[in-house]
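Here is the structure we will look at.
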């Protein structure tokens, strides 16, 4: 496993969640109410993207600290 594999998995998951939200789409009903069946994918996609960047930053800084200490 690579050193950025977990962050890569979360990044792929975020792309997948945003794609699902886009492909399913949204529509207006007769009363003008917006219906979004896959709305839960949008905040989960942003959460996965945030976790991806945080784990990549953690791995990068951990590598730099251990490299400088040796």
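Residue numbers (the numbering used here): 3 to 72. Heads up, the beta-carbon is just placed ideally off N, CA and C, and yes, glycines get one too. Only a predicted model underlies this, so the values are computations on that prediction, with no experimental measurement involved.
Inter-residue Cα distance where the pair is residue i and residue j
i, j, result
"residue 6", "residue 57", "8 Å"
"residue 49", "residue 16", "8 Å"
"residue 30", "residue 41", "14 Å"
"residue 65", "residue 25", "38 Å"
"residue 60", "residue 67", "11 Å"
Continuous alpha helix (DSSP H) stretch holding residue i: start and end
i, result
"residue 45", "43-71"
"residue 19", "7-26"
Cβ shell of residue i (< 6 Å), same chain only, five flanking positions each side left out
i, result
"residue 9", "54, 57, 58"
"residue 23", "40, 43, 44"
"residue 51", "16"
Residue burial classification, residue i (beta-carbon count within 10 angstroms, cutoff 16)
i, result
"residue 32", "exposed"
"residue 62", "exposed"
"residue 12", "buried"
For residue i, the residue or residues it bridges with in DSSP
i, result
"residue 30", "36"
Beta-carbon proximity list for residue i, same chain, < 7 Å, skipping 5 on both sides
i, result
"residue 46", "19"
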